[in-house]
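Written below as structure tokens is the structure these notes are about.
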Amino acid sequence: MMKGQDLHALLAEDVAKVEGLFSVIETLAGTAVELWHKIQRAPFADILGSAQHTNVQGEEVQKLDELANDRMKERLGALPAVAAVASEEDETAVLFHSNGTLLVCMDPLDGSSNIDVNIPIGTIFSIRPRRQEGPVSETEFLRPGSEQLAAGYFMYGAALTLMVTVGNGTHILTYDPDAGRFIAHAVNARIPEKGKIYSVNEGNALQMPEGVQRYLQHCKSSETLTGKPYSLRYIGSLIGDFHRNFLKGGLFLYPPTASAPQGKLRLLYECAPMAMLAEQAGGKAWTGSGRVLDVVPERIHQRVPFYVGSARMMDELKTFIG
Ligand code: AHG
Ligand code: MN
Ligand code: MN
């Protein structure tokens with residue numbers, strides 16, 4: 004693997020071990036390019052604003068949530084390897100091919116509150132193996148994130164960025180519209196072991212557990228790992244906050260709150276894929292009571308408290324909420 008390679012050349016050796024795995028990643032990538040082009044013309048493409056209904060999360064669905072979900076499912080469903088898709092936007096898993104070998108989890112559009120204000124949004128995906136044959140059941144998704152074969156996200160920003168892992172390091176590619184391909188520019192990327200950024204919705208601070216509140220005070224003091232107060236950076240898109248903290252070093256927190264006692268973020272298609280990307284790059288991902296990748300979900304939309312980022316900053320956090 005090396006910089007300058009396209010997606011297939013970069014992953015070829017690793018994905019060859021799993022039948023159909025690359026076809027899923029390639030299909031997600033093709034759909035991401037289509038969505039990115041539409042997002043660049045959003046004000047003229049009638050994809051802004053609400054779709055006038057709420058989803059299983061109780062959130063108002065945006066037109067782009069629906070478009071991304073529909074397009075990703077349509078193209079994934081055409082792949083024989085795909086047995087089922089668990090999507091943030093669908094109450095139950097969508098079952099496809101009973102002789103499929105792969106399960107796909109996805110947040111088709113992460114950061115929906117930012118769609119209309121041109122702040123980076125994204126698609127998060129996770130690919131897991133089936134452990135049984137025959138008719139597909141939603142219960143097959145209820146396995147620990149440590150079983151993920153691949154995870155990643157597409158970030159729709161000024162550039163179209165793909166961060167991906169297939170279990171052998173975390174890599175970063177950017178789409179080159181002239182070449183019509185994703186090109187790798189970071190191979191086996193590493194999260195700095197510490198940074199000076201923390202990311203949390205401070206507006207919820209008074210609703211958070213006491214240990215977390217003490218940690219947030221600590222971030223504003225000169226007792227931090229850097230000897231100076233950290234900087235707060237929070238844009239309300241998990242993929243944007245994660246990506247910046249991954250590159251610069253930092254810690255992202257979505258703790259339990261009064262209104263979200265298990266946290267807001269969903270395990271299968273937000274926390275587990277981000278946790279795999281982070282751990283493959285030397286970072287850590289925690290729920291406050293254990294490793295994210297060890298959690299066995301009871302439901303496909305299960306939420307967990309989520310802390311992810313630089314290893315030494317996570318260790319520092321654990322001294323407050325361990
Ligand atoms: P989604 O748009 O898929 O529902 O995800 C939004 C998530 C995540 O992207 C972000 O980190 C978080 O919601 C922000 O939540 P708050 O607005 O409660 O801070
Ligand atoms: Mn999301
Ligand atoms: Mn979403």
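Under my numbering, the sequence shown has 83 at position 80, and the numbering climbs by one with no breaks.
Glycine residues also receive a C-beta, built at the ideal position from the N, C-alpha and C atoms.
Exercise. For SER326, collect the residues of the same chain with a Cβ closer than 8 Å to its Cβ; drop the 5 residues on either side in sequence, then sort them by chain order.
Key: Residue 326 falls outside the range modelled here, since the chain spans only 4 to 325, and no answer is possible.
Practice problem: On a CA-only basis, which of ASP181, HIS246, GLU143 and GLY23 is nearest ASP113? Give me that one, please. | Solution: What you label residue 113 is simply residue 110 of the sequence shown in a count that begins at 1. Ranking ASP181, HIS246, GLU143 and GLY23 by CA distance to the CA of ASP113 puts HIS246 first.
Quiz item: What do you reckon, are the CB atoms on MET211 and PRO258 nearer than 7 Å?
Solution: Start at 1 with the first residue of the sequence shown, and residue 211 comes out as number 208. Start at 1 with the first residue of the sequence shown, and residue 258 comes out as number 255. Yes.
Quiz item: So, is PHE99 buried or exposed, given that buried needs 16 or more other C-beta atoms within 10 angstroms?
Solution: Indexing the sequence shown from 1 puts residue 99 at position 96. It is buried - the Cβ of PHE99 has at least 16 other Cβ atoms within 10 Å.
Exercise. With hydrogens ignored, establish whether the beta-carbon of GLU150 is closer than 6 Å to any heavy atom of ligand 3.
Key: The residue labelled residue 150 in the question sits at position 147 within the sequence shown. No, since every heavy atom of ligand 3 falls outside the 6 Å radius drawn around the Cβ of GLU150.
Quiz prompt | Nearest-angstrom beta carbon gap, VAL203 and ASP17 [assumed within contact, 8 Å] | solution = Position 14 of the sequence shown, counted from the start, is the residue given in the question as residue 17. Position 200 of the sequence shown, counted from the start, is the residue given in the question as residue 203. Your pair ASP17 and VAL203 does not check out as a contact, with CB atoms roughly 34 Å apart and the cut at 8 Å.
Quiz item: When every heavy atom of ligand 2 is checked, does at least one fall within less than 6 Å of the C-beta of GLU273?
Solution: The residue given as residue 273 occupies position 270 in the sequence shown. Result yes, Cβ under 6 Å from ligand 2.
Quiz item: If you draw a straight line from the C-alpha of ALA281 to the C-alpha of LYS267, how long is it?
Solution: Taking the first residue of the sequence shown as position 1, residue 281 is located at position 278. Taking the first residue of the sequence shown as position 1, residue 267 is located at position 264. In this structure, the CA atom of ALA281 is about 19 Å from the CA atom of LYS267.
Quiz item: Looking only at C-alpha atoms, which of ILE118, PRO132 and ARG133 sits nearest to THR126?
Solution: Locating residue 126 in the sequence shown gives position 123, counting from the first residue. Per the Cα distances, ILE118.
Self-check item: Distance cut-off 6 Å: LEU13 Cβ against heavy atoms of ligand 3
Solution: Taking the sequence shown and counting its residues from 1, the one referred to as residue 13 is at position 10. Not so, every heavy atom of ligand 3 lies at least 6 Å from the Cβ.
Exercise. Would you mind reading off the limits of the beta strand (DSSP E) that contains TYR310?
Key: Looking up residue 310 in the sequence shown gives position 307. Start and end: 309-312.
Quiz prompt | Candidates ALA54, LEU209, GLN60 and ARG131: closest to ALA84 by CA position | solution = Residue numbering aside, residue 84 sits at position 81 when the sequence shown is read from its first letter. Distance check between ALA84 and each of ALA54, LEU209, GLN60 and ARG131 places ARG131 closest, using alpha-carbon atoms only.
Self-check item: Buried versus exposed, by CB contacts within 10 Å (16 or more), ARG302
Solution: Here residue 302 refers to the residue found at position 299 when the sequence shown is read from its first residue. The Cβ neighbour count for ARG302, taken over all protein chains shown within 10 Å, is under 16; the residue is labelled exposed.
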